[in-house]
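Anchor point for the sequence shown: position 415 equals 414 in numbering that gives the first Met the number 0, and the numbering is continuous, going up by one each time.
Structure, as structure tokens:
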Amino acid sequence: MFRDFDLFPLWKGFFHQSVSIKIFQAVMSRVVSRTAPGGTCVLNKDDFKKSFEDVPKITVSSPADAKAKFDKVIAILSKSQEDWNKRREQLQVIRSIVIHGEEIIGRDQLLSQLVRLTDCLDLSVRDLRSQILREAAVTCSFLFERYGNDVHQIAERCLPSAFSQLAVSTKVMATSGATLAQFLVQYVQTKQIFTCITSYATSKDKNQRRQLCLMLEIVIEHWNDKLKKTVLVQIAELIKSAISDADPETRTAGRKAFNKLDSMHPEEADKLFASVDASRQKMLRANDAASSSTSINSERGTAPFRSKLSTGSIGGIRNVPNISSKFLAQRSASAIDTKQITRMTTSVSRTPNTKPMTTRTLSKVDTSPGGSKFARPTMGTLGPRTTSNLRARGGVPSSQPSSRNGSPPRRPSTTGTLPTEMQRVKSNLGSSSFVSSLTSEQAESLQKAMNTAKESLGQPSRTDDDEFLLPKRPKPPQSLHTPQKTAVDISKVEAVIRACSSTSANEKRDGIKSLSSIVSDPSLSPIELKNIGQVLNRLLGEATNPIVLESVASFVKAHHSRLSDWLKLGLGKMFSKKGSEMMQNMKKQISKTINIILSSFDPALQLKATCELMCDPIHLLTPKARVALLEYLTELLEKHMERGSHFNSKEVKATILKMFSWMTDQRNAQLITPHGEKVLCALFALNGADFSALFSEFNPDYRDWAYRILQSHGHNQHAPPSETPSPGRDAHVRANISNTAAQIEDFVIARNHELSAEKSPLSRGLLSSGYKRVDAEPLRPLTSEMNTQRVEEEISFNESFDRLKLNSTTHLIDDVREQSEYVTSKLAQVSEGSGTEQYEGLMSIQTMLCEGSFTLWEQNFPKLLIAVFDVLSKSQSDQNKKVALRVLTRMCTSQASRLFDSTEIAICKVLEAAVNSTDGTMNVTVDDCLKTLATHLPLAKIVNVSQLILKEEKVQEAKASLVLKMMTKLFEGLPADELTPIIDDLAPCAIQAYDSPSSGVRKTAVYCLVAMVNKLGMQAMNPHLQRLSSGKMNLVQVYVNRAMSSSSHSHV
């Protein structure tokens, strides 16, 4: 008993210990469940879909009732300080209204109400409270899945906010943002969405870069082919960047995206594979082997065995039915040692895939842990097959699973008892049990089929192991025109390339000298051209070396017909080099090399490469490199492309939009704008018809801007004729154009007299409603468009560049009574009409102002000014406001003296229209209007209103920025003697704005101070700049020096 009693404490301790372990395990299971992928803190698409309709039912009786409910939703969600429970309930209300009220409201009206929620939904997605973010993500995902592209405005606004949540460490917030992004990209398929996600390729956050790869998978799998086709090249570039990422998980996601691209678009995948270096190819092929060599037997009856093995795999010989039917059908699964096949495939997958060479130069033996021991060619000399005598450890695959893998392999010479064909088959397949089961006829048939397969795969017909199982990418055939090279020549090229990449300065210098002697060799193979191009690009990124530039010139002269893939990156390097070089002699050498590129390559190819480089989201250019690119583009268009060449393409359109974005960037606008204007003029001179057709799809503000540029550069009196004139016939061409313009004017007058019989208000209204002219437009030469005489046929003319209009108002100049009636009716239309009628009335008045047919200023100016102010203050349409601003600009240029007494109210109305607008392009029109007002109206009043606005205690950021921009334009546009008296009034305002908490206001204040210094000199500004801290003063000085250097370079 005592013994039993003594054991009781031990048993008791063991009992307590086991209970404690169970409690610990239960607690840990709860912790793990909250952090594991399937835990409660991690959300996925299934969780979202379950929550879509998990909302309280809400009854919607009418559209007005729905609008009232949405107003309440907006009111609550717009307040970030509101109770989070109320905001979460309102997010559920949105889904409930959509589910239970769509039939009552109607889809169109419901969508118009949902678009109103854009701002508050974006605010909710950016919320830092996880409950709000989760509910907002579920609601937005529900809308995207249900309505797709119909709610693209919400998607385009919310996508950056969703990506920003990925960087948050809280699981529920990060996964909510990630899942929202997945729904958004899958169901909202627009070019803007793709542009937005590509911007995260250079993000500093690895989670965002990883999520980008997942988005690319979705784009590849779910987007429609028409839209996807336009972005496939960019997708390939992004995947290429991802597989080279520093983060291993991002590289893994990039490989998955590559797999998806390969399954959906194998041609693009093959191009991408061929464009990466050997180490990346090895990584991708190792992934192929791991996924494709696990079980041959399982592949036979399930999915196609392609993966990414392409031509070198079983999937690559599906076009050879003899192999698939005889080899796979007759050989049983037990006759194949799958482990042996895996070893063979994995070992070969570690050999980088390179392109075929004529001569095989074998070097050291590879004894890597992959399991194979075979002669490995030196770099760049690998033949169509990886090796000529591949033998994996363990000999040939065993015929039975119980066979001894360690026994020596049987050599073909030991099979003398078999017939000749059977010996050949056995030596190829390596399985005696399989070969023994065949008759002589079957063996002969199988051997023929294997020979056919090897010929189709481009392999020599030799007795190797089953090399068609090895994962190899398809390789382009070697050029028939490339002469054969000896092993000495090949080794010399490789040695030079290695020397140029060496870290030793002496070896590198010798390599560069030798490089200049081999770049002109016409016998260089495609892989050698590619390697030399990569070396030259790398050397161009280093310090400027004249020998390198000469090598580039020789390389281009000798091989330009085969360098279409190199051109884009080569140009990018040359532009960066030209932008960063400071020595004038080196600049001349760089310009000489660029001129050789210009004269060597096909102009159409150069235009395409330049456009792709300009719009590439990966390869970004510095401001001075952008200038070099625009200079190159101007030279290409003016001197190397044939007059009348067509350029109306998506690439050129995207390039012009990118150029406009460069020109509107205040940081570099002064540097880039003159060169961008030259490009536009060169495009117009090249092909006016294509130029007009291209700009017809642009925003009206961009069209107006382009037209003003053409006017300022002397293109306002003609467009280029349809025929191709020689450069030496300029005077003759101008005379012909003037005669043609006179003929057109006569035609217009005659046509107006013909139409005068139909001057009823109805007919004039119909004509006016189709007229959308926005600026003073001189006549253009008569083209084939004038051959169409049917009035009922709607002729789509460009707003800014088509000069001939059948509804011209020039006939009103001489008819005062009719002009008065016409103006009165249009003013009534502007003041009392609906949004559409108001727009038509404003456009008609603007037409009169542009054509100079508005002459009754005395009786109509006050009425017109009041009507314009009413539109700027009360109109809900941003489009109408922009037209009103253009009308006001025209009024100021035509009758500035009549606006003197209304200067302050005019500026305030313009600022009010800009601040209350949600249109991103409104600022372009506002800036132009404010510049005109500031340079035409009394300076004292401009100074007074500027001081009042900038000295307000709580001035709006947008309003302050616009006033500072107006002051900047004022100092850029007026002479110094007029500005000197007002500098003491305006400089303190700019200094005060420099201390603003808003970065946007501070930035515009710096530009304003720089404009003052450039116009009046540092001596006049020193008394005011002394108030700045040393850091701010240094920043102003940097921008002043930059502006001076850019202006001096522009004159060089």
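A virtual CB, placed ideally from N, CA and C, is assigned to each residue, including glycine.
T1003 has its alpha-carbon roughly 27 Å from the corresponding atom of T194. Excluding five sequence positions before and after L949, the CB atoms of its chain that fall closer than 7 Å to its own CB belong to A959, V962, C988, Q991, A992, given in chain order. The beta carbons of Q588 and L636 sit no closer together than 8 Å. Every alpha helix (DSSP H) stretch that sits fully inside the segment 880–968 and reaches 4 residues is listed by chain position as 902–914, 921–935, 938–949. Under the three-state reduction of DSSP output, D615 falls in the coil class, being neither helix nor strand.
Sixteen is the threshold: when 16 or more other Cβ atoms of the shown chains lie within 10 Å of the Cβ of S550, as they do, the residue is buried. Leaving aside the five residues that flank P602 on each side, the residues in its chain whose CB is nearer than 7 Å to its CB run, in chain order, L635, H639, M640. Closest by C-alpha distance to Q605, out of S560, P616, Q583, S896, is S560. Between T201 and Q233, the C-beta gap is not smaller than 8 Å, which leaves the two residues out of contact.
Per DSSP, H645 is not a residue of any alpha helix (DSSP H), being assigned neither H nor E.
For M581, no alpha helix (DSSP H) run applies, since DSSP gives it neither H nor E. One Cα belongs to C610, the other to W661, and the distance between them is close to 14 Å. Under the Cβ criterion (8 Å, minimum of three pairs), the segment 177–189 counts as touching the segment 137–151. In its chain, beyond the 5 residues on either side, A200, I617 have a beta carbon closer than 7 Å to the beta carbon of S240.
Contact between the segment 1001–1019 and the segment 964–976 is present: three or more C-beta pairs spanning the two stretches fall below 8 Å. A905 counts as buried, since no fewer than 16 other beta carbons sit within 10 angstroms of its beta carbon. Taking a contact as a CB-CB distance under 8 Å, the pair P55 and Q89 does not count as one, their CB atoms being some 12 Å apart. Just so you know, the alpha carbons of L864 and L887 end up roughly 8 Å apart. Remark: C-beta atoms of K873 and S916 do not approach each other more closely than 8 Å.
A direct Cα-Cα distance of roughly 6 Å separates F272 from Q280. Its chain contains no residue whose beta carbon lies nearer than 6 Å to that of S168 once the 5 sequence neighbours on both sides are disregarded.
Listed in chain order, the non-local C-beta contacts of R87 below 8 Å within the same chain comprise Q130, I131, E134, local neighbours out to five positions each way being set aside. In the DSSP assignment, P980 falls outside any alpha helix (DSSP H), carrying neither H nor E.
Residue state for V124 is assigned as helix, using DSSP reduced to three classes. Shown here, G832 sits in coil according to DSSP, grouped into three states, outside any helix or strand.
Boundaries of the alpha helix (DSSP H) harbouring F47: 44–51, taken from the DSSP string. With a contact defined as Cβ atoms closer than 8 Å, A256 and L215 qualify at about 5 Å. Secondary structure at I57: coil, using DSSP grouped into helix, strand and coil.
Proximity to I219 across L929, I75, Y186 peaks at Y186, based on C-alpha coordinates. Close CB contacts of Y838 within its chain, under the 8 Å cut and outside five residues either way in sequence, are with S876, Q878, N879, V882 (chain order). Cβ-Cβ distances below 7 Å link Y1006 to Q665, T967 in the same chain, with the five nearest sequence neighbours on each side left out; the list follows chain order. T189 carries a coil assignment under DSSP once its states are collapsed to helix, strand and coil. For T502, the three-state secondary structure derived from DSSP is coil. Around the beta carbon of P861, a 10 Å sphere encloses fewer than 16 other beta carbons of the protein chains shown; the residue is thus reported as exposed.
Cα atoms of K567 and Q710: separation of roughly 33 Å, rounded to the nearest angstrom.
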